[in-house]
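Encoded as structure tokens, the structure appears first; notes follow it.
There are 4 protein chains.
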Amino acid sequence: MPEYDRILAAIAREVAPVVGQGRVADYIPPLAAVPQTRFGLALRTVGGEEYSVGDAEERFSIQSIAKVLSLALCLRTAGDDLWERVGREPSGSAFNSLIQLESENGMPRNPLINAGALVVLDAILAGHPDADDALLAFVREAAGTDAIGYDLAVADGERATGYRNRALAYFLKSYGTLRGDPEAVLDAYFRLCSIAMTCRELCAAFTFLATGGIAPTGGRVVSARQAKRLNAVMLTCGVYDEAGDYAFRVGLPAKSGVGGGVVAVLPGEYVAAVWSPGLNDKGNSLAGTMALELLTTMTGRSIF
Amino acid sequence: MPEYDRILAAIAREVAPVVGQGRVADYIPPLAAVPQTRFGLALRTVGGEEYSVGDAEERFSIQSIAKVLSLALCLRTAGDDLWERVGREPSGSAFNSLIQLESENGMPRNPLINAGALVVLDAILAGHPDADDALLAFVREAAGTDAIGYDLAVADGERATGYRNRALAYFLKSYGTLRGDPEAVLDAYFRLCSIAMTCRELCAAFTFLATGGIAPTGGRVVSARQAKRLNAVMLTCGVYDEAGDYAFRVGLPAKSGVGGGVVAVLPGEYVAAVWSPGLNDKGNSLAGTMALELLTTMTGRSIF
Amino acid sequence: MPEYDRILAAIAREVAPVVGQGRVADYIPPLAAVPQTRFGLALRTVGGEEYSVGDAEERFSIQSIAKVLSLALCLRTAGDDLWERVGREPSGSAFNSLIQLESENGMPRNPLINAGALVVLDAILAGHPDADDALLAFVREAAGTDAIGYDLAVADGERATGYRNRALAYFLKSYGTLRGDPEAVLDAYFRLCSIAMTCRELCAAFTFLATGGIAPTGGRVVSARQAKRLNAVMLTCGVYDEAGDYAFRVGLPAKSGVGGGVVAVLPGEYVAAVWSPGLNDKGNSLAGTMALELLTTMTGRSIF
Amino acid sequence: MPEYDRILAAIAREVAPVVGQGRVADYIPPLAAVPQTRFGLALRTVGGEEYSVGDAEERFSIQSIAKVLSLALCLRTAGDDLWERVGREPSGSAFNSLIQLESENGMPRNPLINAGALVVLDAILAGHPDADDALLAFVREAAGTDAIGYDLAVADGERATGYRNRALAYFLKSYGTLRGDPEAVLDAYFRLCSIAMTCRELCAAFTFLATGGIAPTGGRVVSARQAKRLNAVMLTCGVYDEAGDYAFRVGLPAKSGVGGGVVAVLPGEYVAAVWSPGLNDKGNSLAGTMALELLTTMTGRSIF
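Residue numbers (the numbering used here), protein chains in the order written: chain A, 1 to 304; chain B, 1 to 304; chain C, 1 to 304; chain D, 1 to 304.
Next up, the structure:
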């Protein structure tokens with residue numbers, strides 16, 4: 001096994017000059033208030049060893065990272081029916097674009113862009129009277145801790161300014177891709193994106209993707225086949241329209257959020273979670289992406 | 001002056017085989033209930049002579065034709081400020097497309113597509129506490145009659161199913177192009193599109209575009225310059241993405257609606273209004289378009 | 001009749017501060033060498049009176065203006081078959097874009113954008129062994145003078161650098177919209193765009209569009225119906241993606257070229273031709289457009 | 001090690017009903033003449049064991065599969081300079097689309113779509129007087145056999161009908177992304193796509209991608225890092241706009257061609273090559289794709 005302690009420390013040293021660069025998401029006050037100088041990195045092996053460096057114990061808004069968890073819940077509950085109304089192809093365009101959605105007749109390109117995540121929540125809502133509870137219960141089950149919750153200040157901020165997501169929801173409704181009440185789906189969506197976690201908690205919550213479906217607690221979260229497929233979706237669709245570059249430079253399935261977090265998985269080996277709020281021009285954490293590239297370079301291991 | 005009586009009768013005979021063809025808009029029950037066999041045609045000269053044939057005295061839902069009237073009110077009230085947030089170019093794509101709107105950063109291509117009409121209403125709402133009253137007053141002033149009103153069953157139907165227009169409104173809001181409350185703008189929009197008029201009433205209401213701004217009552221509706229410019233906007237933007245074909249075949253500024261109505265103007269000469277609910281694949285009245293083409297062919301007069 | 005002499009002089013005074021502004025087309029040396037300070041304006045009434053101001057007797061490269069003349073020849077010869085492979089709608093995008101062409105399955109939006117003009121020439125070539133001679137003969141017939149010719153230095157420059165037009169031609173060939181040899185069509189195209197004329201000559205050559213088809217010599221160039229339709233195509237498609245703005249501000253059918261020339265027609269009244277090499281960001285002459293707007297404002301006459 | 005013999009036989013049985021379905025590429029006679037009922041599958045482990053079933057020893061036109069080999073040669077020779085004019089993102093649209101190319105200012109989305117492959121060849125041509133020889137030498141070196149060659153009948157067929165690729169080349173030239181002579185690049189391109197190989201030869205030629213860069217002969221083809229990165233590019237860009245679905249269903253980096261071949265790599269384990277001419281609606285081999293999905297399902301191994 002690589003000396004992860006030493007490697008994480010080396011990564012932290014190397015990315016230090018970049019921490020504080022990039023653009024912090026500032027469309028709602030709680031995100032704008034996060035100090036740009038934060039950097040945290042945690043790694044958890046499939047055997048349960050944990051390593052971390054920097055601000056790995058500070059909670060941040062995981063934002064779109066949560067879309068992998070809602071997708072996992074949806075697939076576990078509803079199975080493959082979802083794929084009749086959501087694609088699995090990389091988008092190649094902005095995460096909240098309506099152009100592609102219209103030119104593809106209202107079928108979101110994949111479940112990790114905003115439009116697709118809305119349909120995933122619509123599918124969850126169809127089976128759960130209270131999607132918020134179901135989602136939170138699932139996240140806590142995956143992470144093996146009840147300490148995780150919604151950040152309602154963030155959710156309220158999203159709801160107040162989320163005109164574009166509201167446009168997406170009604171657009172999906174106009175095509176019939178979204179079947180339920182758009183406002184209920186939007187509520188669940190803004191709540192989902194507000195989940196706050198630490199890098200360490202993220203590693204735990206995504207462990208099932210490195211272990212063929214098993215949580216740190218030993219419980220099964222999804223099937224081995226579903227875990228593989230979630231990794232595949234992350235690799236091709238997890239980092240907005242930077243999927244090819246991530247595969248090329250990092251070489252791991254990963255999911256990012258505008259809060260500056262990124263989770264990456266080396267199946268059979270580990271989950272890594274990194275956080276630094278400054279974003280590159282694709283909306284992915286600048287220092288976080290660099291850290292993950294260094295991780296696979298220094299360990300000499302990726303999925304390729 | 002051409003023998004309009006004879007010409008209108010000849011037109012009615014010639015289009016008769018086409019009346020009843022095409023697709024009737026059926027997205028709301030009040031539109032779907034209109035008999036497909038209706039055909040009415042009226043013409044009003046700048047001197048006030050009126051001619052008509054067929055169902056020219058039956059009210060129908062004028063739908064998007066009303067957008068010319070809201071634009072006229074907006075220009076009269078707010079002047080040229082509107083052009084800072086709405087373009088004047090033909091769209092070349094569907095009237096309710098979001099693609100163009102996104103690729104042009106939230107600025108509607110012109111004021112006669114849905115997105116542009118929403119911004120026009122937003123501008124009107126900014127100056128009028130009760131836009132519905134202001135709009136109706138303006139329409140009655142232009143037409144010289146108080147008999148015209150909203151069809152609330154149509155407005156309710158539009159509101160209940162108007163997901164795509166709702167998406168447009170929130171999308172415009174996300175860009176800041178729409179400044180006020182999207183729901184208030186949508187209410188005004190659904191109301192505006194529900195106005196019911198006869199072909200004869202439409203000729204009266206659009207007379208100011210043939211007379212350099214003067215209503216049948218003799219009152220000034222807009223300036224001569226504004227009347228010219230409204231005609232220019234109609235010619236390039238009035239018939240969805242069939243503008244070039246209309247100019248080529250009909251040769252008159254015109255505005256159509258999905259209810260099957262079309263109004264056309266020969267400046268200095270006349271206004272013609274035609275109605276037949278069957279639509280061609282561009283969303284313009286099939287028999288109505290043919291009737292207007294025959295009108296300019298038989299009279300040998302167009303703007304070209 | 002307006003006092004055109006006085007009006008043209010007033011226009012020249014008013015646009016003088018703008019002459020020399022804008023961007024001169026410099027993609028080939030002969031165009032780049034034209035002094036930016038040139039400004040010429042000529043007007044010819046249907047009665048044959050001629051007025052001019054500035055550099056109205058200096059030849060310049062008419063470029064895309066010639067596309068109206070090749071279209072006229074094509075319609076005269078081949079009739080309406082052309083419309084089976086070329087549309088009549090405004091493009092709403094750049095004159096040499098391939099995007100629209102691909103999304104519309106290889107059918108050019110209209111005959112005045114580059115793709116459409118190539119198909120027009122392909123149609124002419126199918127009927128004329130030597131299209132160059134046929135085109136030049138037609139232009140001379142319309143203008144009533146044999147003094148007009150190709151500028152071979154310009155044609156050679158276009159041919160050497162015309163990669164994008166070459167791409168368009170092969171793209172059209174891949175769809176079968178272009179039927180003959182792409183290289184032969186390109187040769188005719190580069191030759192066509194190289195025609196050099198003065199403002200006065202342009203007024204003569206386009207007179208048939210103001211007279212219902214009759215040249216200054218009294219000969220018929222096209223039918224009255226074809227003349228009307230050519231004006232309609234110019235109005236909706238003649239000034240790249242600025243058609244709506246031209247209709248709004250100028251109110252006349254017009255065709256522009258990157259050489260800085262613009263021809264405009266008021267049917268039944270006059271043809272005006274203006275030239276000034278500085279272009280606006282849509283590719284139309286900056287001072288020329290302003291001059292035409294002043295012309296319709298000062299005379300109080302447009303087609304609307 | 002899995003019992004590949006038994007697994008390949010089981011795969012052949014299971015796909016048999018699908019062999020003969022789909023659409024065979026027929027745009028040139030040599031491709032159209034291939035019997036639709038062919039199916040071959042070969043697998044070569046990093047240790048050199050070879051397994052095969054069906055028509056695995058029959059040569060076929062590898063078409064776009066060759067683009068991985070030209071990319072490998074380009075990276076070995078010219079290093080990372082290529083990425084300044086070619087992207088690394090999945091295209092999400094047809095392999096020969098010009099839309100994306102224009103909206104991204106002439107920079108091909110990735111080196112495996114046609115536009116990107118043309119730029120790769122342009123880069124190779126800049127360094128090699130005779131690119132055809134260099135490419136063939138590289139392919140033979142990677143495969144460890146001199147028996148591989150161009151199929152000139154195929155190359156001639158492509159050249160005679162390749163209007164769209166010719167359009168792409170001149171379009172790239174118009175942006176300056178392609179620096180040399182478009183005709184020379186096209187010649188090399190049509191030659192490259194004509195290479196004929198068997199499934200067994202393909203396994204050998206792609207072995208370096210499973211071994212960290214080492215050919216079956218023991219010679220180094222590219223660096224370990226380059227091999228990883230080539231796999232990443234294949235995973236996100238190798239199967240036209242079906243990348244996400246391939247990752248989801250197959251879970252291996254893969255490259256397909258319109259001749260019906262597909263090569264897939266499990267790094268550290270094996271290369272598999274499959275051939276069956278019937279294509280699905282994305283242009284990938286129907287039976288071949290099914291075979292690869294069965295391979296990772298039956299072995300329980302993928303990169304995820």
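All residues carry an ideal CB built from backbone N, CA and C; glycine is no exception.
These numbers were taken from a predicted model, which means no experiment stands behind them.
Check your understanding: Is it the case that the Cβ atoms of V265 (chain B) and N231 (chain B) are separated by a distance below 8 angstroms?
Key -> For the purposes of this step, residue 265 (chain B) is taken as residue 265 along the second sequence, with counting starting at 1. For the purposes of this step, residue 231 (chain B) is taken as residue 231 along the second sequence, with counting starting at 1. Cβ distance < 8 angstroms, so V265 (chain B) and N231 (chain B) count as in contact.
Exercise for review: Check whether the region 94-104 of chain B touches the region 113-123 of chain B, counting contact only when three or more Cβ pairs, one atom from each stretch, lie closer than 8 angstroms.
Suggested key: yes
Review point. Taking just the CA atoms, how far does E89 (chain D) sit from L31 (chain A)?
Key: For this step, residue 31 (chain A) is matched to residue 31 along the first sequence. For this step, residue 89 (chain D) is matched to residue 89 along the fourth sequence. Spanning the two alpha carbons is a distance of roughly 29 angstroms.
Practice item. Anything in chain A within Cβ reach of A167 (chain B), meaning under 7 angstroms, just list it in chain order. Key: Here residue 167 (chain B) refers to the residue found at position 167 when the second sequence is read from its first residue. Chain A residues near A167 (chain B): A167, Y170, F171, S174.
Point to revise | Cut-off 7 angstroms between Cβ atoms - residues of its own chain near R85 (chain D), not counting five sequence neighbours on either side | key: Within the fourth sequence, residue 85 (chain D) is the residue found at index 85, counting from 1. Excluding sequence neighbours, R85 (chain D) sits near M107, V119, T177.
**Study point:** Within the region 111-185 of chain D, ranges of the alpha helix (DSSP H) (whole runs, at least 4 residues)
**Key:** 114-127, 131-143, 152-161, 163-175
Review point. Do the region 68-85 of chain A and the region 146-155 of chain A make contact, defined as three or more Cβ pairs closer than 8 angstroms?
Key: no
Review point. Does the pairing of the region 56-72 of chain A with the region 47-64 of chain B give three or more beta-carbon distances under 8 angstroms?
Key: no
Review point. T289 (chain D): which of D:R301, D:G260, D:F304 sits nearest, CA to CA?
Key: Looking up residue 289 (chain D) in the fourth sequence gives position 289. Answer by Cα proximity: D:G260.
Review point. Does the region 122-131 of chain D come close enough to the region 136-145 of chain C to have 3 or more Cβ pairs within less than 8 angstroms?
Key: no
Exercise for review: Give the range of the alpha helix (DSSP H) segment to which S256 (chain B) is assigned.
Suggested key: For the purposes of this step, residue 256 (chain B) is identified with residue 256 of the second sequence, where counting begins at 1. Element bounds for S256 (chain B): not the alpha helix (DSSP H) but the beta strand (DSSP E), 254-256.
Point to revise | Limits of the beta strand (DSSP E) - the one that S223 (chain D) falls within | key: If you number the fourth sequence from 1, residue 223 (chain D) lands on position 223. That residue, S223 (chain D), is in no beta strand (DSSP E); it is neither H nor E in DSSP.
Review point. Taking the C-alpha atoms as reference points, what is the distance between Y270 (chain D) and L43 (chain D)?
Key: Position 270 of the fourth sequence, counted from the start, is the residue given in the question as residue 270 (chain D). Position 43 of the fourth sequence, counted from the start, is the residue given in the question as residue 43 (chain D). Rounded to the nearest angstrom, the two C-alpha atoms are 7 angstroms apart.
Point to revise | Stretch-stretch touch, CB-based, cutoff 8 angstroms, three pairs: the region 157-167 of chain B with the region 23-40 of chain B | key: yes
Practice item. Using DSSP bridges, identify the partner residues of M197 (chain D). Key: For this step, residue 197 (chain D) is matched to residue 197 along the fourth sequence. Paired residue(s): D:F60.
Exercise for review: For G212 (chain A), I'd like the list of residues in its chain whose CB is within less than 6 angstroms of its CB, leaving aside the five on either flank, ordered along the chain.
Suggested key: Mapped onto the first sequence, residue 212 (chain A) falls at position 212. A224, A227.
Review point. Using the C-alpha atoms, what's the distance from L252 (chain A) back to N284 (chain A)?
Key: Here residue 284 (chain A) corresponds to residue number 284 of the first sequence, with the count starting at 1. Here residue 252 (chain A) corresponds to residue number 252 of the first sequence, with the count starting at 1. If you take the alpha carbons of N284 (chain A) and L252 (chain A), they lie about 15 angstroms apart.
**Study point:** Spatially closest choice to R249 (chain B) from B:V221, B:L209, B:T296, B:L192, by CA coordinates
**Key:** In the second sequence, residue 249 (chain B) corresponds to position 249, counting from 1. Nearest of B:V221, B:L209, B:T296, B:L192 to R249 (chain B), Cα basis: B:T296.
Check your understanding: So S302 (chain A) is in the beta strand (DSSP E); what residue range does that whole segment cover?
Key -> Numbered from 1 along the first sequence, position 302 holds the residue referred to as residue 302 (chain A). Per DSSP, S302 (chain A) belongs to no beta strand (DSSP E) and is neither H nor E.
Point to revise | Closest by C-alpha distance to T217 (chain A), when choosing among A:R229, A:D146, A:L235 | key: By one-based count along the first sequence, residue 217 (chain A) stands at place 217. Taking only the C-alpha atoms, the option nearest T217 (chain A) is A:D146.
Practice item. Using three-state DSSP, classify E49 (chain A) as helix, strand or coil. Key: Stepping through the first sequence from its first residue, residue 49 (chain A) is reached at position 49. Looking at E49 (chain A) - three-state DSSP - the assignment turns out to be coil, as it is neither helix nor strand.
Review point. Closer than 8 angstroms, CB to CB, is S64 (chain D) near chain C or not?
Key: The residue you call residue 64 (chain D) lines up with position 64 of the fourth sequence. It does not; no Cβ of chain C falls within 8 angstroms.
Review point. Name the DSSP beta bridge partners of G40 (chain D), please?
Key: Start at 1 with the first residue of the fourth sequence, and residue 40 (chain D) comes out as number 40. The partner list for G40 (chain D) (beta bridge, DSSP) reads D:G54, D:W275.
Check your understanding: From which residue to which residue does the beta strand (DSSP E) around L266 (chain C) run?
Key -> Start at 1 with the first residue of the third sequence, and residue 266 (chain C) comes out as number 266. Note, L266 (chain C): beta strand (DSSP E), 261-266.
Exercise for review: Throw me the rounded Cβ distance for the A233 (chain B) and N110 (chain B) pair, which I believe falls under 8 angstroms.
Suggested key: For the purposes of this step, residue 233 (chain B) is identified with residue 233 of the second sequence, where counting begins at 1. For the purposes of this step, residue 110 (chain B) is identified with residue 110 of the second sequence, where counting begins at 1. The residue asked about is misnamed: residue 233 (chain B) is Val in this sequence, not Ala. At roughly 7 angstroms, the Cβ-Cβ gap stays under 8 angstroms, so V233 (chain B) and N110 (chain B) are in contact.
Check your understanding: Under 8 angstroms between C-beta atoms, does E102 (chain D) make it to chain C?
Key -> In the fourth sequence, counting from the first residue as 1, residue 102 (chain D) sits at position 102. Chain C contact via Cβ: present.
Check your understanding: Which residues share a DSSP beta bridge with S285 (chain C)?
Key -> Here the question's residue 285 (chain C) lines up with position 285 in the third sequence. Its beta-bridge partners are C:L279.
Review point. Under a Cβ-count criterion, where at least 16 other Cβ atoms within 10 Å of its own Cβ denotes burial, should M1 (chain D) be classed as buried or exposed?
Key: Sequence index remark: in the fourth sequence, residue 1 (chain D) carries index 1 (1-based). Burial call: exposed.
Point to revise | Alpha-carbon to alpha-carbon, C74 (chain A) and V207 (chain B) | key: Numbered from its first residue, the second sequence carries residue 207 (chain B) at position 207. Numbered from its first residue, the first sequence carries residue 74 (chain A) at position 74. First, the residue type needs correcting, since residue 207 (chain B) is Thr and not Val in the sequence shown. Going by the C-alpha atoms only, they are around 59 angstroms apart.
Check your understanding: If you measure beta-carbon to beta-carbon, which residues of the region 222-235 of chain A are closer than 7 angstroms to chain D?
Key -> K228, R229, N231, A232, V233, L235
Review point. In its own chain, which residues sit with a C-beta less than 7 angstroms from the C-beta of Q100 (chain C), not counting the 5 before and 5 after it?
Key: Mapped onto the third sequence, residue 100 (chain C) falls at position 100. Excluding positions up to five away in sequence, the list reads S91, S93, R109.
Practice item. Under the assumption that P277 (chain A) contacts R76 (chain A) (Cβ atoms under 8 angstroms), give the Cβ distance between them as a whole number of angstroms. Key: Working through the first sequence from its first residue, we reach residue 277 (chain A) at position 277. Working through the first sequence from its first residue, we reach residue 76 (chain A) at position 76. Between R76 (chain A) and P277 (chain A) the Cβ distance is about 31 angstroms, and since that is not below 8 angstroms, they are no contact.
Review point. Listing by chain order, which chain D residues have their CB less than 7 angstroms from the CB of I99 (chain C)?
Key: Reading the third sequence from its first residue, position 99 is the one you call residue 99 (chain C). Simply I99, E102, S103.
Point to revise | Cut-off 7 angstroms between Cβ atoms - residues of its own chain near V18 (chain B), not counting five sequence neighbours on either side | key: The count along the second sequence starts at 1 and reaches residue 18 (chain B) at position 18. The answer, listed in chain order, is L286, A287, M290.
Check your understanding: Taking Cβ-Cβ distances shorter than 8 angstroms, what residues in chain B pair up with Y163 (chain A)?
Key -> One-based indexing of the first sequence puts residue 163 (chain A) at position 163. Those are Y170, F171, K173, S174, P182, listed as they occur along chain B.
Exercise for review: Figure out for me which residue from D:G48, D:Q21, D:P35 has the closest Cα to the Cα of E201 (chain D).
Suggested key: Working through the fourth sequence from its first residue, we reach residue 201 (chain D) at position 201. Taking only the C-alpha atoms, the option nearest E201 (chain D) is D:G48.
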